[in-house]
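Chains A and B, in that order, are what the protein sequence lines are.
With our numbering, the residue at position 39 of the first sequence is 121, and numbering never jumps.
With our numbering, the residue at position 174 of the second sequence is 485, and numbering never jumps.
Virtual Cβ for every residue (Gly too), placed ideally from N, Cα, C.
Written out below as structure tokens is the structure these notes cover.
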Amino acid sequence: MLAGMDQLEAIDWVLSRHRHDGTRLMQILRETQEALGWLAPETITRIAQGVGWPRARVEATAAFYSFFHLRPRGEYCLLWSDNIIDRMAGSRALMQRLCEALWLEPGRLSEDGLVFVHTTSDIGMGDQGPALLVNYRAATRMTAERVDAMAELIRNRVPLADWPQEWFQVEDNLRRAGPLLGEAFTPGAALAAALSRGPDAQLAEIAASNLRGRGGAGFPTARKWQACRDAPLATDQTRIVVCNADEGEPGTFKDRVLLNSHADLVFEGMTIAALTVGARQGFLYLRGEYRYLLDTLEAVLQRRRDQGLLGRGILGTPGFDFDIEIHLGAGAYVCGEESALIESLEGKPGRPRLRPPFPVTHGYLGQPTVVNNVETFACAARIAEKGAAWFAATGTPQSTGSKLVSVSGDVARPGVYEFPCGITVAEVLDAAGVRNCVQGVQVSGPSGTTLTGEELGRRLCFEDVPSAGALMVFDCTRDMFEAAHNFAHFFAHESCGFCTPCRVGTQVIARLMDKIAAGRGSQYDLQELSRLHQLLQGTAHCGLGHIAGNPVFATLTKFRPAYERRLKSLEFEPAFDLDAELSQARQMTGRDDAGAHLAET
Amino acid sequence: MANDDTFLLDGVAVPFNTGQTILQAAHAAGRYIPHLCWHPDYKPHGSCKLCTVKIDGRLASACTTPATPGLRVENRTPELDEQRRTLLQMLFVEGNHFCPSCEKSGQCLLQATAYELGMMGPHFDHFYPNRPVDASHPDVLLDFNRCILCSLCEQASARDGKFVFVMGGRGMRGRKVIINSATGRLADTDFSLTDHAASICPVGVILKKRVGFIVPYGQRKYDRAPVSVADTQGDEP
Numbered sequence: 083m084l085a086g087m088d089q090l091e092a093i094d095w096v097l098s099r100h101r102h103d104g105t106r107l108m109q110i111l112r113e114t115q116e117a118l119g120w121l122a123p124e125t126i127t128r129i130a131q132g133v134g135w136p137r138a139r140v141e142a143t144a145a146f147y148s149f150f151h152l153r154p155r156g157e158y159c160l161l162w163s164d165n166i167i168d169r170m171a172g173s174r175a176l177m178q179r180l181c182e183a184l185w186l187e188p189g190r191l192s193e194d195g196l197v198f199v200h201t202t203s204d205i206g207m208g209d210q211g212p213a214l215l216v217n218y219r220a221a222t223r224m225t226a227e228r229v230d231a232m233a234e235l236i237r238n239r240v241p242l243a244d245w246p247q248e249w250f251q252v253e254d255n256l257r258r259a260g261p262l263l264g265e266a267f268t269p270g271a272a273l274a275a276a277l278s279r280g281p282d283a284q285l286a287e288i289a290a291s292n293l294r295g296r297g298g299a300g301f302p303t304a305r306k307w308q309a310c311r312d313a314p315l316a317t318d319q320t321r322i323v324v325c326n327a328d329e330g331e332p333g334t335f336k337d338r339v340l341l342n343s344h345a346d347l348v349f350e351g352m353t354i355a356a357l358t359v360g361a362r363q364g365f366l367y368l369r370g371e372y373r374y375l376l377d378t379l380e381a382v383l384q385r386r387r388d389q390g391l392l393g394r395g396i397l398g399t400p401g402f403d404f405d406i407e408i409h410l411g412a413g414a415y416v417c418g419e420e421s422a423l424i425e426s427l428e429g430k431p432g433r434p435r436l437r438p439p440f441p442v443t444h445g446y447l448g449q450p451t452v453v454n455n456v457e458t459f460a461c462a463a464r465i466a467e468k469g470a471a472w473f474a475a476t477g478t479p480q481s482t483g484s485k486l487v488s489v490s491g492d493v494a495r496p497g498v499y500e501f502p503c504g505i506t507v508a509e510v511l512d513a514a515g516v517r518n519c520v521q522g523v524q525v526s527g528p529s530g531t532t533l534t535g536e537e538l539g540r541r542l543c544f545e546d547v548p549s550a551g552a553l554m555v556f557d558c559t560r561d562m563f564e565a566a567h568n569f570a571h572f573f574a575h576e577s578c579g580f581c582t583p584c585r586v587g588t589q590v591i592a593r594l595m596d597k598i599a600a601g602r603g604s605q606y607d608l609q610e611l612s613r614l615h616q617l618l619q620g621t622a623h624c625g626l627g628h629i630a631g632n633p634v635f636a637t638l639t640k641f642r643p644a645y646e647r648r649l650k651s652l653e654f655e656p657a658f659d660l661d662a663e664l665s666q667a668r669q670m671t672g673r674d675d676a677g678a679h680l681a682e683t
Numbered sequence: 312m313a314n315d316d317t318f319l320l321d322g323v324a325v326p327f328n329t330g331q332t333i334l335q336a337a338h339a340a341g342r343y344i345p346h347l348c349w350h351p352d353y354k355p356h357g358s359c360k361l362c363t364v365k366i367d368g369r370l371a372s373a374c375t376t377p378a379t380p381g382l383r384v385e386n387r388t389p390e391l392d393e394q395r396r397t398l399l400q401m402l403f404v405e406g407n408h409f410c411p412s413c414e415k416s417g418q419c420l421l422q423a424t425a426y427e428l429g430m431m432g433p434h435f436d437h438f439y440p441n442r443p444v445d446a447s448h449p450d451v452l453l454d455f456n457r458c459i460l461c462s463l464c465e466q467a468s469a470r471d472g473k474f475v476f477v478m479g480g481r482g483m484r485g486r487k488v489i490i491n492s493a494t495g496r497l498a499d500t501d502f503s504l505t506d507h508a509a510s511i512c513p514v515g516v517i518l519k520k521r522v523g524f525i526v527p528y529g530q531r532k533y534d535r536a537p538v539s540v541a542d543t544q545g546d547e548p
């Protein structure tokens, strides 16, 4: 808690720091929780009074995000990254070991209220897992020895500050740099070039470079900026530049490296966007899992203000006013969708908006808003610095420039690789060092594309396999069903719950996958999975729902034997095991003889 | 042929005014497009997806898509109704819906729509969620077992200026109606029987006490006429 304050004083201090502004609710809730440990009913009431919102609205936001707690979470909250890559590295066994050492069950606060252990969606450390969040600080490269030591520290109530600091070290693992990251960058160089060019010419330069969005969708950046710039402003409005650093797609961690070691490039790209579209306000929406980067990033922003690269009259240019604020997310994958991200920036649950209108005309608080990926802004800065022709000299005609690729799984050197767009998957895998034969590669996370070992000649570019640049590699010893099973639960957990097909459909898919995993599936269930995939694709409210059936459908198509060998028979199977249903009766009667069992069906 | 201010709904011209959505125009013209979360007096929510139609070959929600001249809208095709049955089945297994013992039976939009679309059974395994019942309020009972998360109570209560009901939480296990009081009890809010929100629930969640069986089973709204007829005569539930 903040030194010397009681609970109400601490809440009020956070509220006044944020000017009692409800649109800042995410930050208010997080800072309050950091001070008080959890968000008690009276805390929610106080915050609601403070921002002048109905109490239920504040609770609605708090209840939406995985990292806000409306129940006590203990002094130690340990959340294991649960992506398939972490699992392949042994995360589940390590979590079990930790739970046994502490005498508790995953997902249940210990009896003494001290410690809580559970899983969480991928925390962006796929190249250095198994990883977990310890009170929302990333700890990497966990081993059985570390887990045992950790249990000891928790039992002895040793404060986190006194834990071994090497546990919390996050490596960049940048294995290959190219035009984007290979050369040193002088803060202000790109901005000075953009200023001397002027906004019109700068926009033309971005257009000439053919830069396309690095988040995976590949929308032409210049067209987005143009639309925002052309959108009319009402009185008291400004245009907004948002950097989407909600890097939640499992298997993706390139933005972590950009923000850790190349933040100037990113912030400079945002400032150039502001110059181009005429924005005065900017946000970096940083995923909650990257909380450990916050202080470093704040320091970079402050230095840039001191250097005249942010704030009023940037680089001595009258009227060029722009500043950037960091908003931290709180564990919600769907906030990577740009309109959900904007809802979250406004203090609301991250529910994708109905579109149109699009954010470029009606975004943050109804103002024209550009939302771009972290890497897109870094590219924009380099284009301003070195010109469109330089940028377009790399890559393919439709996918210019280079791409950062996060590589994890069964490779010798997991990490981030910068390659020209259009590189084949096989070339990236060669660089990363494949140890064994490749069975499959999941490109761009669960929402992306599943490739078999025969498709490694496919190219990473918008004209072939569009991607946010992530490869999860599975060698022939792996079970592709397990990957799909993991992804199905990921989507079921991350669905915002707004529309019927996604809210219920992702759950039904996850349950069917559980049934197949338990050896009780049938051919009929496989047909059901395909049918559900089609329903989601056609009727869901947003992109998350549209693609939530993808990984199951793709593995079902390309790795069907992985499913079929689990089917109990090719005929109909009931959803439940009749004999297992009798277990309670057997327990109550103390019987376990043959007569108390149904014959194997 | 469609002229400048009509579109085709299953091959029949439907007139519309500028700014109307496909569902609004169809409703005004007495044509039925299945829906649950839509209500003529409120902004479209677009969450139940029952009104998904095929517009010039593309699937879209009729409640949020503006009508434009000459659109070809497919509505009651076997393919779309099959999709709707699946969505209905999802809603039935997600909550705890026991029509025979529900006092909303016969005037429940979910039940009536399931009859209309010929839903013969739940198809999926039931989820049997553990959902609360709140009988704290003197005049109204809340039974969230039947909630379909349509958000109409949220919109209605906002119109009342009270914000008694707000949609919150995430996903199937988390998304729910949050009550505007520290205890989470309806009795501790300023909710009253005269609120718009007291009469808006299309299913059996928000129930007025002591009047549930004034109209007996068999003589209720959807007992008299199916939803496709009853709800296109300007008389919403």
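Exercise. From residue 499/B to residue 338/A, what does the alpha carbon distance come to, in whole angstroms?
Worked result: 46 Å
Problem set entry | Cβ-Cβ distance between residue 623/A and residue 584/A below 8 Å | A contact, by the Cβ cut-off of 8 Å.
For this session: May I have the straight-line CA-CA distance separating residue 121/A from residue 441/B, to the nearest angstrom?
Result: 23 Å
Exercise. Quick one, which of 250/A, 436/A, 266/A, 275/A has its alpha-carbon nearest residue 223/A's?
Worked result: It is 250/A whose Cα lies nearest to the Cα of residue 223/A.
Exercise. At what residue ranges does the stretch 345–431 of chain B contain a whole run of the alpha helix (DSSP H), taking only runs of 4 or more?
Worked result: 389–405, 420–427
Problem set entry | Three-way DSSP call (helix, strand, coil) for residue 325/B in this model | strand
Exercise. With residue 161/A and residue 200/A assumed to form a contact (beta carbons below 8 Å), what rounded beta-carbon distance in angstroms separates them?
Worked result: 6 Å
Exercise. In chain order, what residues of the same chain lie with their CB nearer than 8 Å to the CB of residue 493/B, ignoring the 5 residues before and after it?
Worked result: 499
Exercise. Hey, out of 129/A, 274/A, 109/A, whose CA is closest to residue 89/A's CA?
Worked result: 129/A
Exercise. How about residue 414/A: is its C-beta nearer than 8 Å to some C-beta of chain B?
Worked result: yes
Exercise. With residue 426/B and residue 537/B assumed to form a contact (beta carbons below 8 Å), what rounded beta-carbon distance in angstroms separates them?
Worked result: 7 Å
Exercise. Got a sec? Which residues, its chain only, sit under 7 Å from residue 300/A by beta carbon, not counting five neighbours each side?
Worked result: 294, 544, 548
Problem set entry | DSSP three-state assignment for residue 669/A, whether helix, strand or coil | helix
Exercise. Do we get a CB-CB distance below 8 Å when we pair residue 567/A with the residues of chain B?
Worked result: no
Exercise. Is the CB of residue 331/B under 8 Å away from at least one CB in chain A?
Worked result: no
For this session: Taking only the alpha-carbon atoms, compute the straight-line gap between residue 590/A and residue 435/B and give it to the nearest angstrom.
Result: 8 Å
Problem set entry | Buried or exposed (CB count within 10 angstroms, at least 16 for buried), residue 390/B | exposed
Exercise. Ends of the alpha helix (DSSP H) at residue 162/A?
Worked result: Looking at the DSSP string, residue 162/A is not in any alpha helix (DSSP H); the run it does join, the beta strand (DSSP E), is 158–163.
Exercise. For residue 664/A, which residues from the same chain have a beta carbon less than 8 Å from its beta carbon, with the 5 sequence-adjacent residues on both sides left out?
Worked result: 678, 679, 680
Exercise. Using a Cβ-Cβ distance under 8 Å, would residue 609/A count as near chain B?
Worked result: no
For this session: Go to residue 587/A, then tell me how far its beta strand (DSSP E) extends in each direction, as first and last residue.
Result: Element bounds for residue 587/A: not the beta strand (DSSP E) but the alpha helix (DSSP H), 582–599.
For this session: Answer yes or no: do residue 436/A and residue 482/B have a C-beta to C-beta separation smaller than 8 Å?
Result: no
For this session: Starting from the Cα of residue 558/A, find the closest Cα among 644/A, 432/A, 509/A, 165/A and give me that residue.
Result: That would be 644/A, whose Cα lies nearest to the Cα of residue 558/A.
For this session: Can you check DSSP and say which residues form a bridge with residue 531/A?
Result: For residue 531/A, which the question treats as bridged, DSSP gives the partners 525/A.
Problem set entry | Short CB-CB distance (under 8 Å) between residue 580/A and chain B | yes
Exercise. Of all Cβ atoms in chain B, is any one closer than 8 Å to the Cβ of residue 88/A?
Worked result: no
Problem set entry | Cβ-based burial, residue 673/A [other Cβ within 10 Å; buried from 16] | exposed
Exercise. From what residue to what residue does the alpha helix (DSSP H) around residue 333/B run?
Worked result: 333–339
Exercise. Got a sec: is the Cβ-Cβ distance from residue 683/A to anything in chain B below 8 Å?
Worked result: A caution first: residue 683/A carries a pLDDT of 45, below 50, which makes its placement in the model unreliable, though a value can still be read off. By this cut-off, residue 683/A is not an interface position.
Exercise. With contact counted as at least three CB pairs below 8 Å, one residue from each stretch, are the stretch 448–458 of chain A and the stretch 413–430 of chain A in contact?
Worked result: The stretch 448–458 of chain A, when compared against the stretch 413–430 of chain A, does touch it at the 8 Å Cβ threshold.
Exercise. How would you list, in chain order, the residues of chain A whose beta-carbon sits under 8 Å from the beta-carbon of residue 486/B?
Worked result: The contacting residues are 578, 579, 580, 585.
Exercise. So what does residue 361/A bridge to, in DSSP terms?
Worked result: 321/A
For this session: Report yes or no: is there a C-beta of chain B within less than 8 Å of the C-beta of residue 190/A?
Result: no
For this session: Can you say whether residue 193/A is buried or exposed, counting buried as having 16 or more other CB atoms within 10 angstroms of its CB?
Result: exposed
Exercise. Could you give the distance in angstroms between the alpha-carbon of residue 510/A and the alpha-carbon of residue 501/A?
Worked result: 8 Å
Problem set entry | Limits of the unbroken beta strand (DSSP E) element including residue 454/A | 451–455
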